[in-house]
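The numbering of the sequence shown is my numbering, which starts it at 195 and goes up by one.
The C-beta atom is built at its ideal place from N, Cα and C for all residues, glycine as well.
The structure appears right after this line, and notes come after that.
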Amino acid sequence: MENQELIKCCIMRGGTSKAIFLMRNDLPKDEELRDRIIRRIFGAPDIREIDGLGGADPLTSKLAIIGPSSREDCNVDYLFGQVNMVEPMIDYVGNCGNISSAVGPFAIDEGLVDAIEPITTVRIHQVNTNSVIIAKVPVKGNKAEVEGSHAIPGVPGTGAKIVLDFSDSAGAITGKLLPTGNVTDVLHVEDEGDIEVSLVDAANPLVFIRAKDLGLTGVETPQEIDSNAELLARIEKIRSFAAQKIGLVDDWRKATSKRPYIPFFAICAPPISYRDWTTGKLVNENSMDLSIRLLFMQKMHKTYPVTGTICTVAAAMIPGTIANQVARRGIIEKGELHIGHPAGIIISEGKVDNENGAFVLKKATVDRTARCLMKGYAYIPKNIFNEKFEKR
Numbered sequence: 195m196e197n198q199e200l201i202k203c204c205i206m207r208g209g210t211s212k213a214i215f216l217m218r219n220d221l222p223k224d225e226e227l228r229d230r231i232i233r234r235i236f237g238a239p240d241i242r243e244i245d246g247l248g249g250a251d252p253l254t255s256k257l258a259i260i261g262p263s264s265r266e267d268c269n270v271d272y273l274f275g276q277v278n279m280v281e282p283m284i285d286y287v288g289n290c291g292n293i294s295s296a297v298g299p300f301a302i303d304e305g306l307v308d309a310i311e312p313i314t315t316v317r318i319h320q321v322n323t324n325s326v327i328i329a330k331v332p333v334k335g336n337k338a339e340v341e342g343s344h345a346i347p348g349v350p351g352t353g354a355k356i357v358l359d360f361s362d363s364a365g366a367i368t369g370k371l372l373p374t375g376n377v378t379d380v381l382h383v384e385d386e387g388d389i390e391v392s393l394v395d396a397a398n399p400l401v402f403i404r405a406k407d408l409g410l411t412g413v414e415t416p417q418e419i420d421s422n423a424e425l426l427a428r429i430e431k432i433r434s435f436a437a438q439k440i441g442l443v444d445d446w447r448k449a450t451s452k453r454p455y456i457p458f459f460a461i462c463a464p465p466i467s468y469r470d471w472t473t474g475k476l477v478n479e480n481s482m483d484l485s486i487r488l489l490f491m492q493k494m495h496k497t498y499p500v501t502g503t504i505c506t507v508a509a510a511m512i513p514g515t516i517a518n519q520v521a522r523r524g525i526i527e528k529g530e531l532h533i534g535h536p537a538g539i540i541i542s543e544g545k546v547d548n549e550n551g552a553f554v555l556k557k558a559t560v561d562r563t564a565r566c567l568m569k570g571y572a573y574i575p576k577n578i579f580n581e582k583f584e585k586r
């Protein structure tokens, strides 16, 4: 393979997503060259990613770059990238919480963190948001444990339970838990009129909207949403106005090209029974506190993202937000939120205090499973390199 370069890589499943994990020291220093190499590894841009390792789905076209921590209070640095399948770009704004759950096991298995049985605590510097994620990872035989009894909707079988603490994630992108200072805002959307939303930023920023305000029930399947081009265009326009409102773009017309990943878009409804789109099993309204269908990268998420879960539990614990209004009563006192999503239920614990008139995130945790799927080398044609390949 003299006409190709080799780079070590690992494919990890984290929660309901998959990512290609690369070590920072194995990549070029030049960021433009680095991203060109990464896109070639994925086979992007191409909606099939046929000439690379990408999975041809927004939930699998994901990247994690790992290295020793640049912060004294953390064990590792973790930079997340959403690899665009249509445009030649990698979005490094925001994080993926599902992939965050794989960082601890990867760091332990690669020897970046000393393995301590039965639980190893890994402090992760989440570079995109400059926040700290604390992962509690089961360990056996100096490696991250894989087998266990914990099940998560959207992933077949069971695995070892990994607990993620995102309490440091308030204002991850905008600097404020409530970017506008309001529990609800009215967006004046061109050709749509006034739209009431809640804009909340924890782990990633989200736009919360009532399902009924879009003419929806809140229990639609991914196929029903993704096949409705007119609805997707409406949602993207509202999302774009929200992106401008919280300062992610200076013109809403640029949001799709400049900020396709965030903010996420959460369509909220009170508890209602529906069928798991993956299995056909009943998801009973009594098992949830609210039902949400979430969109990112202009498509419906097939389950529910972890960063979306963290932001949703934070929003639900703030009186007056749309998430709080539609949710079952008593969630603040319980300190726990059960979110109904297309493939089942995801549970998160949360606490938000009002300190001198400002809402402060005190707790936000979620459980996941993760495991390594393969380790090896990615082959990159040498014509990708316009300069000598120099590792960090």
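Where residue 562 falls, given that 16 or more other Cβ within 10 Å makes a residue buried: The residue given as residue 562 occupies position 368 in the sequence shown. Looking at its Cβ environment, which holds 16 or more other Cβ atoms inside 10 Å, residue 562 is buried.
Residue 568, buried or exposed, once every other Cβ within 10 Å from all chains shown has been counted against 16: Position 374 of the sequence shown, counting from 1, holds the residue named residue 568. It is exposed - the Cβ of residue 568 has fewer than 16 other Cβ atoms within 10 Å.
Whole-angstrom distance between residue 303 and residue 559, CA atom to CA atom: Mapped onto the sequence shown, residue 559 falls at position 365. Mapped onto the sequence shown, residue 303 falls at position 109. Roughly 23 Å separates the two Cα atoms.
Span separating the alpha-carbon of residue 352 from that of residue 340: For the purposes of this step, residue 352 is identified with residue 158 of the sequence shown, where counting begins at 1. For the purposes of this step, residue 340 is identified with residue 146 of the sequence shown, where counting begins at 1. When rounded, the distance between both Cα atoms is 9 Å.
Beta-carbon proximity of residue 391 to residue 378, cut-off 8 Å: Taking the sequence shown and counting its residues from 1, the one referred to as residue 391 is at position 197. Taking the sequence shown and counting its residues from 1, the one referred to as residue 378 is at position 184. Yes. Within cutoff.
Beta-carbon proximity check, residue 435 vs residue 458, cutoff 8 Å: If you number the sequence shown from 1, residue 435 lands on position 241. If you number the sequence shown from 1, residue 458 lands on position 264. For residue 435 and residue 458, no; Cβs fall outside 8 Å.
Spatial distance of residue 388 from residue 399 (CA atoms): Numbered from 1 along the sequence shown, position 194 holds the residue referred to as residue 388. Numbered from 1 along the sequence shown, position 205 holds the residue referred to as residue 399. About 21 Å.
Pairwise C-alpha distance: residue 413 and residue 297: Position 103 of the sequence shown, counted from the start, is the residue given in the question as residue 297. Position 219 of the sequence shown, counted from the start, is the residue given in the question as residue 413. In this structure, the CA atom of residue 297 is about 32 Å from the CA atom of residue 413.
CA-to-CA distance, residue 480 to residue 547, given in whole angstroms: In the sequence shown, counting from the first residue as 1, residue 547 sits at position 353. In the sequence shown, counting from the first residue as 1, residue 480 sits at position 286. Distance between the alpha carbons of residue 547 and residue 480 is about 27 Å.
Residues near residue 246 by beta carbon distance below 7 Å, same chain, minus five either side: Locating residue 246 in the sequence shown gives position 52, where the first residue counts as 1. Only 234, 235, 236, 237 and 238 meet the Cβ criterion.
Contact set for residue 293: own chain, Cβ-Cβ below 7 Å, skip 5 residues either direction: Residue mapping note: residue 293 aligns to position 99 of the sequence shown, counting from 1. Annotation for residue 293: 208, 211, 213, 256, 258 and 274 place their beta carbon closer than 7 Å to its own, counting only its chain and skipping 5 residues before and after.
Opening and closing residue of the alpha helix (DSSP H) in which residue 509 lies: Along the sequence shown, one-based indexing puts residue 509 at 315. Element bounds for residue 509: 500-510.
For residue 540 and residue 533, believed in contact at Cβ under 8 Å, the rounded distance: As a first step, residue 533 must be located in the sequence shown, where it is residue number 339. As a first step, residue 540 must be located in the sequence shown, where it is residue number 346. About 5 Å; that satisfies the 8 Å criterion.
Buried/exposed call for residue 576, threshold 16 Cβ in 10 Å: Here residue 576 refers to the residue found at position 382 of the sequence shown. So residue 576 ends up on the exposed side.
Per-residue DSSP class, three states only, for residue 427: If you number the sequence shown from 1, residue 427 lands on position 233. Helix at residue 427.
Length at least 3, wholly inside the stretch 296-353: the beta strand (DSSP E) runs in chain order: Here the runs fully enclosed are 313-320 and 325-334.
CB contact flag (residue 476, residue 506, <8 Å): The residue you call residue 476 lines up with position 282 of the sequence shown. The residue you call residue 506 lines up with position 312 of the sequence shown. No; because the gap between Cβ atoms is not below 8 Å, this pair is not in contact.
Three or more C-beta pairs below 8 Å linking the stretch 346-360 and the stretch 451-468: Contact between the stretch 346-360 and the stretch 451-468 is absent: fewer than 3 CB-CB pairs across the two stretches fall below 8 Å.
Own chain partners of residue 586 with C-beta closer than 7 Å, once the 5 adjacent residues on each side are dropped: Start at 1 with the first residue of the sequence shown, and residue 586 comes out as number 392. Only weak support is given to the placement of residue 586: the predicted model assigns it a pLDDT of 49, under 50, and the value that follows is read from those uncertain coordinates. Answer for residue 586: 218, 219, 221 and 223, listed in chain order.
One or two residues paired with residue 518 in a DSSP bridge: Position 324 of the sequence shown, counted from the start, is the residue given in the question as residue 518. As DSSP reads the structure, residue 518 sits in no beta bridge.
Residue 420 versus residue 309 - alpha carbon distance: In the sequence shown, counting from the first residue as 1, residue 420 sits at position 226. In the sequence shown, counting from the first residue as 1, residue 309 sits at position 115. When only Cα atoms are considered, residue 420 and residue 309 end up about 43 Å apart.
In DSSP terms, what residue 568 is bridged to: Position 374 of the sequence shown, counted from the first residue, corresponds to residue 568. 205.
Test item: CB-CB of residue 312 and residue 332 under 8 Å: Here residue 312 corresponds to residue number 118 of the sequence shown, with the count starting at 1. Here residue 332 corresponds to residue number 138 of the sequence shown, with the count starting at 1. In this structure, residue 332 lies closer than 8 Å to residue 312 by Cβ.
Where the alpha helix (DSSP H) through residue 547 begins and ends: Within the sequence shown, the letter at position 353 stands for residue 547. Unbroken run through residue 547 is the beta strand (DSSP E), 538-549; no alpha helix (DSSP H).
Whole-number beta carbon distance between residue 270 and residue 284, since they are thought to touch under 8 Å: Taking the sequence shown and counting its residues from 1, the one referred to as residue 284 is at position 90. Taking the sequence shown and counting its residues from 1, the one referred to as residue 270 is at position 76. Taking the Cβ atoms as the reference, residue 284 lies roughly 20 Å from residue 270, outside the contact range of under 8 Å.
Residue 199 - partner residues in DSSP beta bridges: In the sequence shown, residue 199 corresponds to position 5, counting from 1. The beta-bridge partner set that DSSP reports for residue 199 consists of 574.
Residue closest to residue 528, alpha-carbon to alpha-carbon, out of 542, 515 and 516: Position 334 of the sequence shown, counted from the start, is the residue given in the question as residue 528. Out of 542, 515 and 516, 542 has the C-alpha closest to the C-alpha of residue 528.
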